[in-house]
Each structure stands twice: as C-alpha cells, then as structure tokens.
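Q:
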C-alpha cells in the first residue's frame, strides 16, 4: 500500500500522465506497426505462412484464448478482493499458525474451481491483503490442481480407474501443503517481491477499475509471453524425444513431469493427454497430472510477473521436486 | 505504459476475443463449449477498456478547469505500468497477420508419438442403433480408433464385419496411393491435441492433396501389416482400413473431435 491518502491517489496517478510527455517512443512504434498491419493485412506478407509459423500461431492463439476467460475471472476476483475485502478480515478467518493456516488455505483452493491462470492474480492480492505468504502460495497450488472440475475430468479420462482420481487428489494436496510448510519454515520474506501495483482508489469502483487494469496488463502480458514460449516448444521440440524415456524407471517419471512443464496443458484437459500416454507407467502419468497445474512454462512466467524473478527461481524448482516426490510416494501406495 | 495505451491494448485483446467468439474463428482453436466464456470475457475486457477511457476523459476535462492542477509525481513508482502489457497486442497480430487455420499435417506428422486416450465407447449398441439395411455406420475417428485398438475382441469382431464411414483430412504417404486419415481430438484447446490416425489402404484414385478433407467408406482390416509408423508405440494406435470409397468434402465447421 502506498502511504498516500487514498482520496488523492487516484486522481493523481491518472493526472501525471500528462506530465510524461517525454515518455519513451515505444507506444508510437507499437501503434504504428499495428496500424500498418491493420491497413495492409496480409498483402504485404505476400506469401502463405510457412507451416511451422502457422502451427506456432495456432497453438499460441489456442493457449491465449483458452486462458483468457479464466484470467478475466481471476482478475475480477482479485480486483474484488482489493476493492471490498478489508485487510483485517483475513486475520479473523485464517488461523495464525502456519501449520494450520497452510492446510486450510489448501482446502480453500480445492473447493474453488479455478484455473492456474486465474489463481496467480488472486494469490497476489491475497498476499497484499495480509495472508501469510505460505498460505497464499498453498492456495495458488491447490486451486488449479484439485478442484471439482479437474477431478471430474480426470475420472472421465480414466474410466474404471477411480484410484487415479484419488491419487491425483492426495498427491497434489500433499505436494502443495509440503511446499507451503517448507516455505513458511525456510523462506526469507524478501524472496517474494510484491510486484503487483498497489492501488488505493477514491472509491470501491475506482479501486476495482485500477486494480483490474494493472493486474490484467501484468498477468496478461506474462500469460502471452508464456503462451508464445509453449507454442515454440510444441512446434520445435519433436515429441519422439519423449518416447525415449518411456518405461518404468525413475527417469520416465521425471521425463513426464518435465513434459508437463513444457506442454503447459490446462489442468482441466491434461487428464485426457495423460490417459493416452499408455507407454508410460501410471506413476509417471500421475506425476504429469500433479506437476502440470502447479508449475509449467506459462505459470513460471506468471509467477515471475506477479512475485519477481527471485521468487520464481526458488519457488518453481521447489514445487517441481516436491510434486515429483509426492507422485512417487502416492503412486507407490495407490497405483 | 501510459493509461491511454493500457485502455487501447485491453480493448484490442477484448476485440480479438469477441471477434473469435462471435465468428467461427474460435472453433479452430478451442472446443465449442468455450464460446460463451470467450464472448463474456471479450465483452468484459471491452467494458473495462471503455471504463478506463471514460475515467481518463473525465479527469482530463477536470484538469482543464482552473483551480485543479495536475500534481507532482511523487508516487509515480507505484503507478507505473510495466512494458510487459504491450505483449497483449500479440494475439491480435497473430490473428491478423497469420490467421492460422486449425492444426493440420505439420502437427500430425509430429504428434503421433502420443497415444490415444481410452474413452468409454459401446460399439455394439452404437452399431445396433445406427445400422440401416447394410448402410455403412458413421463413426467418429476416435470411436473407430479406440474400438480397433482395444483389447475387446467382441468390438474388433463387429468392426471386421461392419463397413464404416469416417471423416478426416489426408496425410499423403510417400508412394502416392494409400494415405493416412487424420483428425485431431482436443480436450480444451489445440494445445492439448491428440492426433487420431487411420491408415487407409486400397485407394487407387487420383492423388489426394495434403490436408484435403475426405469421407471414406471401408472396413477395418486386422490382418494388414502395419504402416510406416515411426515407433512401436504409435503403431498400436494406427489401425488399418480397407477402403471402398473416398469422397472429398468441405472442411467441417468443427475441425476437431472432442472426448465429451
């Protein structure tokens, strides 16, 4: 939060726009390109796009458009938190001890049907509202991983294999809570940088509008960056590479977990892809389902955007390792 | 990034979502049930952009009035919008400049390492319900592939004796006669696509172009030697169809198949 009196802030931060007449010429350049392409469309390209570029663009647009509604939903929710939830509310509903707060936050994430893209801005605003970091991060991990929609789609993708649904739930919850507890015990507070714009508007409506705009540009920009990265990987890296790891070994588990990171498939659809990977052991496929919603290229970009690069380089490897370990343990017992 | 630019960028991405959602453009990228969500989010983004623009316009007008001056920039750091927001222009550029079609031959050649998800499908009762006087039974490509590659002997027995009608696009083989029939199945979006493939044998008509959409009528052939598949895993999920008839069709509105 800024130290400014709320009533002054909002009018100021729009007003000083006029002062920055010497702003960098990026806007003009971008709009010139957009306008140029708008008027000339494909005539200037003059050729049909190469197959690889078209494939890239198909996947890029698919991921972006698929995530957009969830992102808008998450941003709506996070803007509501900023505008209407007083900071004091959190301390009343959440247990103070991390050992309790972390599992509670994890269960809260499991109940709310969210997508990975919507949970990042929500978790960011929760931290800003004073929720302990570890609890907010546990919520960040469980919300996309084990909500009802995801569990139902897993049950549909693995007909007659209810143990897969149970294993996914248990392993994901275990991994998320472990990460939360490890984080609360060992993490330095300044690893997480609050990069979300602090907004204090003159009214609820104004706070909502400013928060939504700031979060959308931030999370949306990183989402687009992640989608472009994933599309590149999917277009460039041949999938045959994956098959060289097939089998029952530990390497196959790590390979599928790595594939989940690279493919960045939405948590509501990944079960169908996992179901088709019959050349891999059930435990390896479980790792694919547990890792995917918690850490993938798109999410790493979103994490870095919301909490800073220093956060992402520590948090995401921790989550990856914990999720693989949880999958191995749960897979050994249940599958 | 200035607030005016922010409003324009948000409006632009909202416009892309509305454009794709209100036309059939989205069907090339997403499953049809995403349509209302896409349209709603597009509308919300356009409304947000309009809201920001309105606030800006009001403040600018107020600034013009004497007595209310623009203030200093002491808090600018808290309100600076990062450059990363500019990336939201990219989807528009991708739609406008590349206008990519649905996943095609390029992806099919690369994706066959992933198997086909097993989905509950009762072939016997489907054939019972849809077979009229010896007409071929229409099957979705995933229904055919799943039945033909399952361990269910009874299902494969039915397939051996029932002519079927399948739709997909052509992936030509190197020798020019036989071809592979391909269609993608997607769970949510084209990012999670799985390639469904059938080797079509016994076709001797004029060579078909790559990605030409066709309807084929034929019968499952369990004895044909497996085609030029890339690895032992893909082989199991590429059944062979002995073809009687091939007809070119228009690309369907929904280029993909969906598990549910």
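Residue numbers (the numbering used here), protein chains in the order written: chain A, 29 to 363; chain B, 3 to 262.
Positions of the beta carbon are idealized from the N, C-alpha and C atoms, including for glycine.
Looking only at DSSP bridge pairs, what is residue 139/B linked to?
A: The partner list for residue 139/B (beta bridge, DSSP) reads 166/B.
Q: Does the CB of residue 110/A have a neighbour CB from chain B at under 9 Å?
A: So, not an interface residue.
Q: Using a cut-off of 7 Å between C-beta atoms, extract the partners of residue 192/B located in chain A.
A: 86, 87 and 90
Q: Given residue 164/A, which residues of its chain have a CB within under 6 Å of its CB, disregarding the five upstream and five downstream residues?
A: Here the set comprises 151, 154 and 155.
Q: When you compare only the Cα positions, how much space is there between residue 347/A and residue 329/A?
A: 15 Å
Q: Residue 201/B bridges to which residues according to DSSP?
A: 182/B and 242/B
Q: For residue 9/B and chain A, any beta-carbon pair shorter than 9 Å?
A: yes
Q: Would residue 331/A be called buried (16 or more neighbouring beta carbons within 10 Å of its own) or exposed?
A: buried
Q: Output needed for residue 256/A: all residues of its chain with C-beta closer than 6 Å, excluding positions within five of it in sequence on either side, in chain order.
A: 88
Q: Is the beta carbon of residue 129/B less than 9 Å from the beta carbon of residue 198/B?
A: Not a contact, by the Cβ cut-off of 9 Å.
Q: Of all the alpha helix (DSSP H) runs that stay within the bounds of the segment 143–194 of chain A, which reach a length of 4 or more residues?
A: Entirely contained in the segment 143–194 of chain A, the alpha helix (DSSP H) runs reaching 4 residues are, in chain order, 144–156, 161–173 and 176–185.
Q: What distance in whole Å lies between the Cβ atoms of residue 131/B and residue 156/B, which are believed to be in contact at a cut-off of 8 Å?
A: No, residue 156/B and residue 131/B are not in contact; Cβ-Cβ is about 17 Å, not under 8 Å.
Q: Kindly list the residues whose CB is nearer than 7 Å to the CB of residue 342/A, restricted to its own chain and excluding five residues on each side of it in sequence; keep chain order.
A: 219
Q: Out of 5/B, 246/B, 209/B and 105/B, which one is the CA nearest neighbour of residue 57/B?
A: 5/B
Q: Please tell me whether residue 215/B has its Cβ less than 9 Å away from any Cβ of chain A.
A: no
Q: Tell me, please, whether the segment 196–203 of chain A touches the segment 304–320 of chain A by the rule of three or more beta-carbon pairs shorter than 8 Å.
A: Verdict: yes, contact present.
Q: Identify which residue in 337/A, 296/A, 237/A and 263/A has its Cα closest to the Cα of residue 78/A.
A: 263/A
Q: Would you kindly report the start and end of the unbroken beta strand (DSSP E) that includes residue 219/B?
A: 215–222
Q: So, are the CB atoms of residue 169/A and residue 134/A less than 9 Å apart?
A: yes
Q: If we count the other Cβ atoms within 10 Å of its Cβ and call it buried at 16 or more, is residue 207/A buried or exposed?
A: Of the residues assessed, residue 207/A falls on the buried side of the cut-off, its CB having 16 or more other CB atoms within 10 angstroms.
Q: Does the beta carbon of residue 237/B sit closer than 9 Å to a beta carbon anywhere in chain A?
A: Any reading at residue 237/B is ruled out, since the residue's pLDDT is 43, under 50, leaving its predicted position unreliable.
Q: Taking only beta-carbon atoms, is residue 205/A less than 9 Å away from chain B?
A: The beta carbon of residue 205/A sits no closer than 9 Å to any beta carbon of chain B.
Q: Under three-state DSSP, which class holds residue 65/B?
A: helix
Q: Since residue 40/B and residue 97/A should fall inside the 8 Å C-beta cutoff, what is the C-beta to C-beta distance between them, to a whole number of angstroms?
A: 6 Å
Q: Does DSSP classify residue 211/B as helix, strand or coil?
A: Of the three classes helix, strand and coil, the one that applies to residue 211/B here is coil, per DSSP.
Q: Can you pull the chain B neighbours of residue 333/A, defined as C-beta to C-beta under 8 Å?
A: 86
Q: For residue 44/A, collect the residues of the same chain with a Cβ closer than 6 Å to its Cβ; drop the 5 residues on either side in sequence, then sort them by chain order.
A: Confidence in residue 44/A is poor, its pLDDT being 43 and thus under 50, which makes the residue's placement unreliable; the coordinate value appears in the next sentence. Counting only Cβ-Cβ distances below 6 Å, and skipping sequence neighbours, we find nothing.
Q: Could you spell out where the alpha helix (DSSP H) holding residue 313/A opens and where it closes?
A: Note, residue 313/A: alpha helix (DSSP H), 310–319.
Q: Just reading off the alpha helix (DSSP H) that residue 108/A is part of, what are its end residues?
A: 79–112
Q: Can you name, in chain order, every residue of its own chain whose Cβ lies under 6 Å from the Cβ of residue 164/B, other than the five neighbours on each side?
A: 129 and 139
Q: Where does residue 259/B sit, in a helix, a strand or coil, going by DSSP?
A: strand
Q: Buried or exposed for residue 261/B, going by 16 or more other Cβ atoms inside 10 Å?
A: buried
Q: Check residue 249/B in the structure and name its three-state DSSP category.
A: Strand at residue 249/B.
Q: Can you list the residues of chain B that residue 82/A reaches, using a CB-CB cut of under 7 Å?
A: 100, 102 and 103
Q: Residues of chain B with a CB under 9 Å from the CB of residue 336/A: which are they?
A: What residue 336/A touches in chain B: nothing, since even the nearest Cβ is about 12 Å away.
Q: CA-CA distance, residue 7/B and residue 94/B?
A: 15 Å
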